[in-house]
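This report refers to the structure that appears directly beneath it.
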Amino acid sequence: MGQYLNQLASPAVLNHAWRRLRNDHGQWAHGISMAHMQHDVIRHVGELSSELLAGCYRPEPMRCHTIKKADGGDRLISVSPVRDKLAQRAALTVLEPLGEALFHDASFGYRPNCTLEMAHARIREWVRRGWVWLGDADIQTCFDAIPHRGVLHALQCLCKDAQLVNLVQSWLEALPIEHRPCGASRGLPQGMVLSPFLCNLYLHALDQKLDSKGIPFVRFADDFVLLGQSEADAERGLRVARRKLWWMRLTLHPNKTRVVRCSPKVRFLGKRLPDSRPRFQV
3 MGQYLNQLAS
13 PAVLNHAWRR
23 LRNDHGQWAH
33 GISMAHMQHD
43 VIRHVGELSS
53 ELLAGCYRPE
63 PMRCHTIKKA
73 DGGDRLISVS
83 PVRDKLAQRA
93 ALTVLEPLGE
103 ALFHDASFGY
113 RPNCTLEMAH
123 ARIREWVRRG
133 WVWLGDADIQ
143 TCFDAIPHRG
153 VLHALQCLCK
163 DAQLVNLVQS
173 WLEALPIEHR
183 PCGASRGLPQ
193 GMVLSPFLCN
203 LYLHALDQKL
213 DSKGIPFVRF
223 ADDFVLLGQS
233 EADAERGLRV
243 ARRKLWWMRL
253 TLHPNKTRVV
263 RCSPKVRFLG
273 KRLPDSRPRF
283 QV
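In the working numbering, the protein residues as written are 3 to 284.
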């Protein structure tokens with residue numbers, strides 16, 4: 003039995019995860035309401051633990067619906083029953099410390115104790131030091147396009163627990179194929195507890211490449227800015243990012259990626275960036 007699978011199935015970790023989910027309004031499992039389940043919580047959670055440890059746990063297919071995005075498009079949201087969410091939350095409890103020991107300090111999205119304000123503060127610091135040109139970038143359909151094989155390989159390298167990796171694979175495959183727009187072997191279900199963590203884990207390879215090339219960057223999930231002291235620096239940074247993402251089977255959004263000088267006219271995740279023009283005192 004894998005070390006981390008043992009941990010996530012333990013009473014302590016499942017109880018910690020349960021405290022986050024006990025007020026969820028979804029169903030515990032098909033045909034079992036949360037109200038009914040809570041009459042015998044210990045039995046139901048104990049059965050989940052036993053199935054995880056025995057290797058016979060199987061997630062239910064996710065239910066999917068669409069919501070409108072700010073730009074008018076549709077976003078597909080996937081919903082698991084609370085029983086599966088509980089197992090996923092327990093997995094995140096175990097995996098998150100491993101990820102935090104690995105992730106780059108310029109990655110701010112979906113991480114504990116990291117905020118959008120911190121990402122903007124990092125950008126302001128680079129601009130203050132003269133890195134005023136930006137490669138403003140967005141990864142096209144990032145969550146939908148991330149290949150299962152690649153992200154599961156990254157997870158295996160992180161935890162070295164094949165049974166836990168197989169468990170995560172079963173959650174990825176619980177998304178019905180007709181709701182995988184980039185192909186049957188791609189996509190992190192948006193709405194799944196683990197998806198933001200897995201996105202950061204997969205994109206860590208991009209962070210490493212940029213860092214190895216000496217390219218300053220600030221990333222918030224699938225949105226990021228590269229910084230340069232000249233327009234040519236920013237263009238070079240985007241070329242490096244584009245090439246690395248190609249190897250990762252991802253692409254930059256052609257209409258949301260550009261080179262621009264930092265100014266309040268430029269927004270990063272909806273918030274204005276600082277003025278890069280020198281200020282003269284009279």
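We put the CB at the ideal spot given by N, CA and C, even for glycine. Owing to the predicted nature of the structure, the values given are computational and were not obtained by experimental measurement.
Look at residue i and residue j and say whether their C-beta atoms are less than 7 Å apart.
i: A31; j: P63; result: no
i: K246; j: L208; result: yes
i: D225; j: D140; result: yes
i: L7; j: D107; result: no
i: A19; j: R113; result: no
i: G137; j: G239; result: yes
i: L271; j: L118; result: yes
i: G111; j: F222; result: yes
i: I148; j: Y204; result: yes
i: L174; j: H150; result: yes
i: P61; j: A176; result: yes
i: E237; j: V220; result: no
i: P305; j: L229; result: A query on residue 305 cannot be resolved here, the shown segment of the chain reaching from 3 to 284 and no further.
i: V15; j: T95; result: yes
i: I79; j: G193; result: yes
Per DSSP, what kind of secondary structure is residue i in: helix, strand or coil?
i: R60; result: coil
i: T68; result: strand
i: F219; result: strand
i: P276; result: coil
i: A31; result: strand
i: D76; result: strand
i: R188; result: strand
i: S12; result: coil
i: R21; result: helix
i: V96; result: helix
i: V195; result: coil
i: G48; result: helix
i: Q231; result: coil
i: L241; result: Looking at the sequence shown, residue 241 is not Leu but Arg. Of the three classes helix, strand and coil, the one that applies to R241 here is helix, per DSSP.
i: D26; result: coil
i: N115; result: coil
i: G4; result: coil
i: R91; result: helix
For residue i, is the classification buried or exposed, using 16 other Cβ atoms within 10 angstroms of its Cβ as the cut-off for buried?
i: W133; result: buried
i: G33; result: exposed
i: P191; result: buried
i: Q29; result: buried
i: R279; result: exposed
i: H46; result: buried
i: H41; result: exposed
i: D26; result: exposed
i: N115; result: exposed
i: G57; result: exposed
i: N202; result: buried
i: H67; result: exposed
i: H38; result: exposed
i: S51; result: buried
i: R24; result: exposed
i: R274; result: exposed
With DSSP as the reference, identify every bridge partner of residue i, one or two as the case may be.
i: R126; result: None, per the DSSP bridge assignment.
i: F270; result: K273
i: A139; result: F226
i: V262; result: L136
i: V81; result: R65
i: S109; result: R221
Quick check on the DSSP output: the alpha helix (DSSP H) that includes residue i runs from which residue to which?
i: F145; result: C144 to A147
i: N168; result: A164 to L174
i: L157; result: H150 to C161
i: H181; result: Run containing H181: none; DSSP gives neither H nor E here.
i: H41; result: Here H41 belongs to no alpha helix (DSSP H), and DSSP marks it neither H nor E.
For the beta strand (DSSP E) that contains residue i, what are its first and last residues?
i: R251; result: Here R251 belongs to no beta strand (DSSP E), and DSSP marks it neither H nor E.
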